[in-house]
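Working notes for the structure below.
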Amino acid sequence: MSQTTHGTTAEHEFPKEHYLNAAHGWKSWLLTTDHKRICILYLISVSVFFAIGGMYAGMIRLELVTPEGDLFQPDTYNRVFTMHAVMMIFFFLIPSIPATLGNFFIPLMIGAKDVAFPKLNLASWYMYLMGSSLALFALFKGGVDTGWTFYTPFSTTYSNSYVSTVAVGIFINGFSSIFTGVNFMATIHRMRAPGMTWFRLPLFIWAHYATSLIMVLGTPVLAITILLVGMERLFKFGFFDPALGGDPVLFQHLFWFYSHPAVYIMILPSMGVMSEIIATFTRKPIFGYHFVAFSSMGIAIIGFLVWGHHLFLSSQSVYASLVFSFLTMLVAVPSAVKVFNWGATLYRGSIAYTTPMFYALGFLGLFTIGGLTGVMLGTLGLDIHMHDTYFVVAHFHYIMVGGALFGYLGGLHFYWPKMFGRSARGFFPHLSALLIFVGFNLTFFPQFILGYLGMPRRYHVYPEEFQVLNVMSTAGATVLAIGYALPVFYMIWSLKRGEIAGPNPWGASGLEWQTQSPPILHNFESMPVVTEDPYTYHPPAQEGAGQPAAAHSAS
Amino acid sequence: MSDNHHDDEHHEHSLKPHIFNLLALFGLTTLTWFSAAYLKFGEPWDNLIALGIAITKASLVILIFMHVKEATRLVKVCAFGGFFWIFLFFAYLVGDVLTRPGTTTYEGWQPDVRKAVEAPIHHGHGGGHEGGHGHGEGHGAGHGEDHGHGGGH
Amino acid sequence: MSSQALGESKLHHHFETYEQQKETSFLGMWLFLAQEVMFFGGAFAAYVNYRTLYPEAFVAGSQQLDTTIGFLNTLVLLCSSFTMVYAVWAAQNSKGPKKIALGLYGTIFFGGIFLIVKYFEYGAKFAHHLVPGYNFIPPVQDIPHAESTEIFFALYFGMTGLHALHMIVGMGIMAVMLFGLHTGKSWAIWDRKNHNFVEGFGLYWHFVDIVWIFLFPFLYLLGAHPPSF
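Going down the list, the protein sequences come from chains A, B and C. Residue numbers for the first sequence follow the working numbering, beginning at 2 and rising by one. Residue numbers for the second sequence follow the working numbering, beginning at 10 and rising by one. Residue numbers for the third sequence follow the working numbering, beginning at 9 and rising by one.
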């Protein structure tokens with residue numbers, strides 16, 4: 002342990018040398034190979050796409066205030082919800098936690114100076130930039146109307162929107178995912194500090210390892226799928242042309258073989274963040290560390306084999322559907338292991354109600370709702386009733402927003418002081434977390450009811466009896482938007498004016514908290530040596546006054 | 010540390026196994042071509058021989074040309090893990106296609122599945138009207154007509 | 009440590025030892041190849057799917073391909089793999105840039121022959137109205153799903169095209185390597201201590217070979233042919 006700062010309550014000084022001022026000028030950013038700077042590049046670009054996706058969400062909710070289609074033409078509405086999904090899924094949710102927090106903290110947590118392939122890491126950001134620019138270009142030219150799933154033969158034969166452009170964008174963006182995955186796996190295997198055995202790794206690392214596995218094994222299948230669609234659109238090859246006997250269900254198999262595991266690319270890193278936050282703010286080791294670690298791998302592996310539950314209502318055979326239905330319910334087991342173990346960690350913990358902890362507690366509830374409705378949808382008989390209704394929409398938003406986005410925001414608040422050396426604490430972060438929680442539930446819970454009553458997704462008009470619930474949903478979206486907007490202000494404000502954090506503002510364990518904040522260019526002054534299990538919290542008596550300080554200044 | 014490393018590499022490499030490997034690959038290629046073009050063992054065997062030889066050849070390239078035989082366990086897992094994973098995908102895919110109603114190759118699977126799928130069409134009249142009434146007058150007529158056509162077969 | 013003597017520039021700052029650097033870069037390469045397996049695997053999955061659905065059409069399609077040319081081309085590609093092994097061997101045992109270059113030239117030569125043969129094979133498909141989406145006429149009409157033969161040829165062009173594209177990329181990288189060897193660039197001095205780049209590239213080239221090892225039976229052999237000459 003190179004430097005320990007437990008128990009120092011005195012005013013911290015902002016470090017003189019750190020990665021942010023190690024080099025200057027725009028070139029030092031655009032050509033950087035430092036994983037911490039690449040994290041910030043990603044952070045900025047990902048936020049831009051979140052804002053764009055959010056604007057489209059706003060348009061959707063605005064259209065759905067009234068039963069009539071008064072804001073958009075049907076085709077325009079198709080483009081709006083497609084672009085909302087494309088921007089949010091491919092350019093925000095998939096890179097969000099791995100490329101930002103993962104990039105920054107994997108080397109720090111395992112005691113490495115950088116990721117295994119720093120140049121590849123930078124290349125990954127440029128791939129992301131190229132892919133997302135193409136998607137933006139298509140967006141300005143009018144967007145795509147196929148839905149983010151690009152189902153054939155609509156996408157290959159009939160749609161005359163910018164399918165090819167967006168497809169190429171997603172193809173290129175896939176490389177960014179693959180590069181990140183390869184990089185993380187090589188880093189976790191080969192760059193660990195002395196003493197950092199597999200079972201001393203923080204659960205954040207385990208979650209990212211499982212995520213990387215999906216990125217490496219899943220993304221290329223999406224790439225080839227897009228390529229087949231592209232070849233069909235360019236050369237009229239006829240892979241999916243029904244006139245030639247082309248099989249649209251094959252496209253769905255190929256597409257969901259990536260895109261279902263992609264959901265786990267979004268949720269697994271978030272679960273990793275949750276483990277860190279919950280352990281820190283209960284001052285306890287995670288209950289059943291080994292189970293939580295292996296459940297990450299279990300989710301990644303079983304999660305790969307459940308894609309067929311998206312095909313229950315296509316012409317997939319009933320026998321295959323039965324198997325997929327069973328496996329879908331099996332994924333609930335490792336997910337439940339995690340939730341129960343977090344619950345058990347909270348039990349008799351010394352809980353500090355900080356902003357990250359608000360997000361963590363919110364996550365626990367929302368992810369449970371999202372997961373259990375997922376089991377409902379995975380049930381073969383029930384899915385026939387609820388397929389393509391708002392129930393599905395509500396379900397995956399509970400996972401993607403209530404799960405993945407809560408993890409991202411919670412993690413951002415948790416790690417912000419480490420990344421920039423200054424804390425963003427106090428009233429506004431709490432208010433924002435509260436608004437997001439309330440707004441989110443107000444937006445999406447009515448959609449469960451709407452879906453169960455039979456309102457189909459992807460229509461811009463609906464029967465009048467659904468209006469009350471839809472207005473509730475739109476009202477919730479407004480609250481949600483305010484909640485999202487607040488962090489932009491207080492976080493930028495905190496960069497200059499925030500309280501100086503010091504190395505370990507939360508009194509957390511883990512290597513990343515032992516170096517200064519913001520860290521120096523090579524992360525550690527000297528190679529750290531790990532001698533303890535993760536999440537080792539000593540009794541308060543030993544820790545002195547340092548530990549409750551976090552709780553006090555947070556509220 | 011790096012001294013050991015050099016010694017390892019020094020007496021590790023000889024071209025001889027690679028030459029033998031090339032000859033074995035030539036032999037296997039000739040065999041698979043000759044068997045497919047001339048010998049012809051009949052329906053399942055030809056395909057099994059061709060695939061078996063392809064897998065053998067690929068394994069030889071991986072183990073010897075790509076030095077996986079001497080590599081760490083981790084590299085071995087990486088080298089064969091991808092193949093295993095895509096094989097799993099094939100298994101599910103073919104499993105689905107073969108058990109779909111109407112797949113040409115396995116007629117034996119059809120009857121029981123067909124019954125389940127076709128049953129509601131025969132009772133289509135009643136079902137269609139009920140559904141139509143539930144949703145509203147205007148749609149009800151359309152539904153009824155659609156199902157009428159279906160029932161006429 | 010003698011590692012200092014090897015020249016500081018070659019050990020990147022974030023690694024502790026050469027051993028670690030070497031193992032990491034090979035692990036990265038293998039993970040990339042696993043990714044490539046899944047990439048081509050997706051195309052093979054499409055093949056498996058359609059072959060299960062339309063076996064007659066696929067047999068009819070593969071009977072349009074010349075087994076003997078495919079066989080000879082396989083041998084040519086195996087030769088290119090061997091010359092690649094030779095280049096890696098020359099680098100690993102410090103045999104000097106000339107022998108490394110010889111191996112690379114050999115690989116480009118055999119790869120080139122493969123692509124030229126492929127070019128003539130493609131040309132024959134254009135002449136025989138077998139190009140999907142362009143001038144396709146089903147070669148055999150009196151079988152079930154005769155129209156699906158077009159899907160076979162779509163897969164034929166798609167998969168061999170992707171394979172050829174990988175070869176062209178590989179040959180481009182080899183051209184850069186040869187340029188480095190001839191002009192004596194510092195990054196192209198490959199010997200016993202430093203040959204990761206050659207070996208890593210060799211893995212890529214062998215992988216491309218493996219793809220063809222599977223494409224050959226899948227496209228040319230499955231479906232019991234009459235001899236083609």
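A virtual CB, placed ideally from N, CA and C, is assigned to each residue, including glycine.
| Item | Value |
| --- | --- |
| C-beta neighbour in chain A for C:Gln149, strict 8 Å | no |
| Interface positions of the segment 38–59 of chain C facing chain A (Cβ-Cβ less than 9 Å), listed along the chain | Leu39, Phe40, Ala42, Gln43, Glu44, Val45, Met46, Phe47, Phe48, Gly49, Gly50, Ala51, Ala53, Ala54, Asn57 and Tyr58 |
| Cβ contact (3+ pairs, closer than 8 Å) linking the segment 232–249 of chain A and the segment 149–162 of chain A | yes |
| Where the alpha helix (DSSP H) through A:Arg191 begins and ends | Val164 to Arg191 |
| A:Val530 beta carbon less than 8 Å from that of A:Gly196 | yes |
| Contact the segment 429–436 of chain A vs the segment 24–40 of chain A: 3+ CB pairs below 8 Å | no |
| is_contact[C:Val184, chain B] using C-beta, thresh 8 Å | no |
| Own chain, CB closer than 7 Å to B:Phe74, minus 5 neighbours either side, in chain order | His27 and Asn30 |
| Buried versus exposed call for C:Tyr26 [16 or more other C-beta atoms within 10 Å across all chains shown] | buried |
| Contact with chain B by A:Ala187, beta-carbon distance below 8 Å | no |
| Minimum Cβ-Cβ distance from C:Asn81 to chain B less than 8 Å | no |
| Where C:Asp217 falls, given that 16 or more other Cβ within 10 Å makes a residue buried | buried |
| Where C:Gln160 falls, given that 16 or more other Cβ within 10 Å makes a residue buried | The residue you asked about is not Gln; residue 160 of chain C is Phe in the sequence shown. That one is buried. |
| Segment contact flag, the segment 66–78 of chain A with the segment 466–480 of chain A, C-beta cutoff 8 Å, min 3 pairs | yes |
| 4 or more residues per run - each alpha helix (DSSP H) lying fully within the segment 380–408 of chain A | 381–387 and 391–400 |
| Bridge-paired residues (DSSP) for A:Ser424 | A:Glu500 |
| Proximity winner among A:Val217, A:Met456 and A:Gln517, relative to A:Pro418 (alpha-carbon distances) | A:Gln517 |
| First through last residue of the alpha helix (DSSP H) which encompasses A:Pro243 | First-last for A:Pro243: undefined, no H or E at that position. |
| Any C-beta of chain B under 8 Å from that of A:Pro262 | no |
| Sequence-distant residues of its chain with Cβ nearer than 7 Å to A:Val307 (five each side left out) | His261, Phe325, Leu328, Thr329 and Val332 |
| Cβ-based neighbour list, A:Ala476, same chain, cut-off 7 Å, excluding 5 preceding and 5 following | Leu443 |
| Residues of the segment 212–231 of chain A with Cβ closer than 7 Å to any Cβ of chain C, in chain order | Val217, Leu218, Pro221, Val222, Ala224, Ile225, Thr226 and Leu229 |
| Cβ-based neighbour list, A:Gly289, same chain, cut-off 8 Å, excluding 5 preceding and 5 following | Val338, Asn342 and Ala345 |
| Rounded C-alpha distance that separates C:Leu230 from C:Val67 | 7 Å |
| Assigned exposure category for A:Lys28 - 16 Cβ within 10 Å defines buried | exposed |
| Inter-stretch contact at 8 Å, needing at least 3 Cβ pairs: the segment 222–242 of chain A / the segment 289–306 of chain A | no |
| Three-state secondary structure (DSSP) of A:Pro464 | coil |
| Endpoints, alpha helix (DSSP H) assigned at A:Met298 | Tyr290 to Gly304 |
| Contact set for A:Ser125: own chain, Cβ-Cβ below 6 Å, skip 5 residues either direction | Ser177, Phe180 and Thr181 |
| Neighbour flag for C:Gln28 against chain A, beta carbons, 8 Å | yes |
| Neighbour flag for B:Asp105 against chain A, beta carbons, 8 Å | yes |
| Closer than 8 Å to chain C by CB, B:Ala33 | no |
| Proximity test, Cβ basis, 8 Å: A:Arg191 and chain C | yes |
| For A:Ser336 and A:Met84, the rounded distance between their alpha carbons | 30 Å |
| Contact check, A:Ala58 vs A:Ala478, beta carbons under 8 Å | yes |
| 3 or more residues per run - each beta strand (DSSP E) lying fully within the segment 76–100 of chain C | none |
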